[in-house]
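Colleague: There's a structure below that I have some questions on.
Protein chains: 2
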Amino acid sequence: MRILYHLPQSPYARKVRLVLSEKRLPCELRPEKMWERRSEYLEMNPAGTVPTLVEDNGLVIPDSTVICEYLDEAYPDNSLMGRTLSERIEVRRLTAWFDGKFASEVTDNLYGQKHLRRLTGRGNPDPAAIRTGYAALRYHLDYLGWLAETRKWLAGSLLSQADFAAAAHLSTLDFLGELDWSIAPPVKEWYARMKSRPSFRGVLADRVPGLVPPAHYADLDF
Amino acid sequence: MRILYHLPQSPYARKVRLVLSEKRLPCELRPEKMWERRSEYLEMNPAGTVPTLVEDNGLVIPDSTVICEYLDEAYPDNSLMGRTLSERIEVRRLTAWFDGKFASEVTDNLYGQKHLRRLTGRGNPDPAAIRTGYAALRYHLDYLGWLAETRKWLAGSLLSQADFAAAAHLSTLDFLGELDWSIAPPVKEWYARMKSRPSFRGVLADRVPGLVPPAHYADLDF
Numbered sequence: 609m610r611i612l613y614h615l616p617q618s619p620y621a622r623k624v625r626l627v628l629s630e631k632r633l634p635c636e637l638r639p640e641k642m643w644e645r646r647s648e649y650l651e652m653n654p655a656g657t658v659p660t661l662v663e664d665n666g667l668v669i670p671d672s673t674v675i676c677e678y679l680d681e682a683y684p685d686n687s688l689m690g691r692t693l694s695e696r697i698e699v700r701r702l703t704a705w706f707d708g709k710f711a712s713e714v715t716d717n718l719y720g721q722k723h724l725r726r727l728t729g730r731g732n733p734d735p736a737a738i739r740t741g742y743a744a745l746r747y748h749l750d751y752l753g754w755l756a757e758t759r760k761w762l763a764g765s766l767l768s769q770a771d772f773a774a775a776a777h778l779s780t781l782d783f784l785g786e787l788d789w790s791i792a793p794p795v796k797e798w799y800a801r802m803k804s805r806p807s808f809r810g811v812l813a814d815r816v817p818g819l820v821p822p823a824h825y826a827d828l829d830f
Numbered sequence: 609m610r611i612l613y614h615l616p617q618s619p620y621a622r623k624v625r626l627v628l629s630e631k632r633l634p635c636e637l638r639p640e641k642m643w644e645r646r647s648e649y650l651e652m653n654p655a656g657t658v659p660t661l662v663e664d665n666g667l668v669i670p671d672s673t674v675i676c677e678y679l680d681e682a683y684p685d686n687s688l689m690g691r692t693l694s695e696r697i698e699v700r701r702l703t704a705w706f707d708g709k710f711a712s713e714v715t716d717n718l719y720g721q722k723h724l725r726r727l728t729g730r731g732n733p734d735p736a737a738i739r740t741g742y743a744a745l746r747y748h749l750d751y752l753g754w755l756a757e758t759r760k761w762l763a764g765s766l767l768s769q770a771d772f773a774a775a776a777h778l779s780t781l782d783f784l785g786e787l788d789w790s791i792a793p794p795v796k797e798w799y800a801r802m803k804s805r806p807s808f809r810g811v812l813a814d815r816v817p818g819l820v821p822p823a824h825y826a827d828l829d830f
């Protein structure tokens, strides 16, 4: 069976798990502590990030963006990339928004600084980074809310990779208890729809030793 | 004619200019001081980055990665993305390497800190960031040199977007006088081949008020 090297709380690994599950492509999950820089792993993925996908035929695909483009080309059924050129532009723009801008302004601060630094023994979080993260989160929830209110799904009328990229980042923050859903009702309504999808079950069942997610984390009616 | 909003010294804009030129797709260049956050520009590209491409039919495509995927789908002739699934994985992996890892470790420090901060009035560069940038540059030149020595082009036997992503970052650093070519002969040989392509002429002709590139910058026999 195909193997996905991942970290349960990584939003990039979560996005790929969700996309694989939506496309009904089973995979075996193998946790990878990428900060230990295991040489066999670095041979597969010199950037040393998670996730990395390994297909049955031995094909190795590193980087969540590269994996999602590959999955769309190798398994075009149930495409999550949009149909027309215009739809595909918006799906990729928003995916880049969440995995680039949202990630660097919010996730890197509230997950990277507060959680990953401790986990990887790189010391205590920087309070300024955490303040920056919370301020940026409000701005991003406004934008997400606007998308959720004016469109059926984030990138338009079709469920797409953009929804899974956004949901993956929010699910990581929610798992860490960093989200106050009461301040963003339209985002909560969209996220409830995402959470109810069968593809989300694996992510909601994740447990990490030493981390207790808030009670509402896996609750579909939160 | 299609319009590319750009900044002459941006590596992301340079990559798109090179790809457009290789695909023989003419465009009008319009400089965009994205840090001024012009509202008409933010409507086209809410992330406020350069470049943004606007097609004759009005289609707006922001983000250099999104633009390159779009160009490959809209104009499949002279593809720079590879033919097989395996080639396309390697082209995308290396493009993400240069636009992600190389960018954050080298370009953001030596171009972002040393040049863009002053240009955008965000103060003086951080000396620690500049030291980090130079240290990372040596490591990246080793990796680039290894790719250039063991393969015809960076991603394999075919010239690809990965070559243009790497060449765009190096050309930005070279323009600012940050590259010592004597320490990386295999990279220099590969870059000389890139520089000699007709698609590179526009980038080599760039001049920015107040910045004088080193004498070898536009010299094909440097």
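Chains S and G, in that order, are what the protein sequence lines are.
Heads up: the first sequence begins at 609 in the working numbering, then just goes up one per residue.
Heads up: the second sequence begins at 609 in the working numbering, then just goes up one per residue.
Where a beta carbon is used, it is the ideal one built from N, C-alpha and C, also for glycine.
Keep in mind the model is a prediction, meaning the values are calculated, not measured.
So does the stretch 762-778 of chain S actually touch the stretch 703-713 of chain S, counting three or more Cβ pairs closer than 8 Å?
Modeller: Segments in contact, yes.
Colleague: Where glutamate 695 of chain G and histidine 824 of chain S are concerned, what is the direct C-alpha to C-alpha distance, given to the nearest angstrom?
Modeller: The alpha-carbon atoms of glutamate 695 of chain G and histidine 824 of chain S are separated by roughly 44 Å.
Colleague: Sort out for me which residues DSSP pairs histidine 614 of chain S with in a bridge.
Modeller: Partner(s): S:Pro639.
Colleague: Name the one or two DSSP bridge partners that proline 670 of chain G has.
Modeller: Proline 670 of chain G is bridged to G:Thr660.
Colleague: For glutamine 721 of chain S, which residues from the same chain have a beta carbon less than 8 Å from its beta carbon, with the 5 sequence-adjacent residues on both sides left out?
Modeller: So the qualifying residues of the chain are Pro733, Asp734, Ala737, Ile738, Gly741.
Colleague: CA-CA distance, lysine 803 of chain S and leucine 693 of chain S?
Modeller: Approximately 28 Å between the Cα atoms of the pair.
Colleague: Could I get the ranges of all uninterrupted beta strand (DSSP E) runs contained in the stretch 747-798 of chain S, with 3 residues as the minimum, in chain order?
Modeller: If we require 3 residues or more, the stretch 747-798 of chain S turns out to have no beta strand (DSSP E) run fully inside it.
Colleague: Pairing CB atoms from the stretch 647-660 of chain G with CB atoms from the stretch 711-719 of chain G, are three or more of them under 8 Å?
Modeller: No, they do not touch.
Colleague: Between the beta-carbon of valine 699 of chain S and the beta-carbon of alanine 763 of chain S, is there less than 7 Å?
Modeller: Result yes, Cβ atoms of valine 699 of chain S and alanine 763 of chain S sit closer than 7 Å.
Colleague: How would you list, in chain order, the residues of chain G whose beta-carbon sits under 9 Å from the beta-carbon of tyrosine 678 of chain S?
Modeller: Per Cβ cutoff of 9 Å: Leu693, Arg696, Ile697, Arg700.
Colleague: Name, please, each residue of chain S whose Cβ falls closer than 7 Å to the Cβ of aspartate 671 of chain G.
Modeller: Neighbours of aspartate 671 of chain G on chain S, chain order: Arg701, Ala704.
Colleague: Can you give me the C-alpha to C-alpha distance between threonine 660 of chain G and histidine 614 of chain G, rounded to a whole angstrom?
Modeller: Roughly 7 Å between the two C-alpha positions.
Colleague: Note down, in chain order, every chain S residue with its Cβ under 8 Å from the Cβ of valine 674 of chain G.
Modeller: Ordered by position in chain S, the residues that pass the 8 Å Cβ test against valine 674 of chain G are Ile697, Arg700, Arg701, Ala704.
Colleague: Under the three-state reduction of DSSP, which class applies to leucine 812 of chain S: helix, strand or coil?
Modeller: If DSSP states are grouped into helix, strand and coil, leucine 812 of chain S belongs with the helices.
Colleague: I want to verify the contact list: residues of chain G whose CB lies under 8 Å from the CB of leucine 667 of chain S, in sequence order.
Modeller: Simply Leu693, Ser694, Ile697.
Colleague: Considering only their Cβ atoms, is the gap separating aspartate 680 of chain G from arginine 610 of chain G smaller than 7 Å?
Modeller: Against a cut-off of 7 Å, the Cβ pair of aspartate 680 of chain G and arginine 610 of chain G comes out as no contact.
Colleague: Using the Cα positions of aspartate 827 of chain S and serine 790 of chain S, report the straight-line distance between them to the nearest angstrom.
Modeller: Cα-Cα distance, rounded: 15 Å.
Colleague: Using a Cβ cut-off of 8 Å, which residues of the stretch 706-732 of chain S contact any Cβ in chain G, in chain order?
Modeller: Against chain G - using a Cβ distance shorter than 8 Å - the residues of the stretch 706-732 of chain S are Gly708, Lys709.
Colleague: Closest by CA to leucine 626 of chain S, which one among S:Gly818, S:Pro821, S:Leu812, S:Val820?
Modeller: Out of S:Gly818, S:Pro821, S:Leu812, S:Val820, S:Leu812 has the C-alpha closest to the C-alpha of leucine 626 of chain S.
Colleague: Hey, could you find the ends of the alpha helix (DSSP H) proline 619 of chain G is sitting in?
Modeller: Proline 619 of chain G -> alpha helix (DSSP H) spans 619-630.
Colleague: Interface residues of chain S around glutamate 786 of chain G at Cβ under 7 Å?
Modeller: Neighbours of glutamate 786 of chain G on chain S: none; closest Cβ ~23 Å, over 7 Å.
Colleague: Apart from the five residues on each side of it in sequence, which residues of its chain come closer than 8 Å, Cβ to Cβ, to arginine 632 of chain S?
Modeller: Excluding positions up to five away in sequence, the list reads Asn686.
Colleague: Please decide whether alanine 655 of chain S counts as near chain G, where near means a Cβ-Cβ distance under 7 Å.
Modeller: Taking Cβ atoms only, chain G reaches closer than 7 Å to alanine 655 of chain S, which makes this a yes.
Colleague: Drop a sphere of 10 angstroms on the beta-carbon of lysine 641 of chain S, count the other beta-carbons inside from all chains shown, and report buried for 16 or more, exposed for fewer.
Modeller: Exposed.
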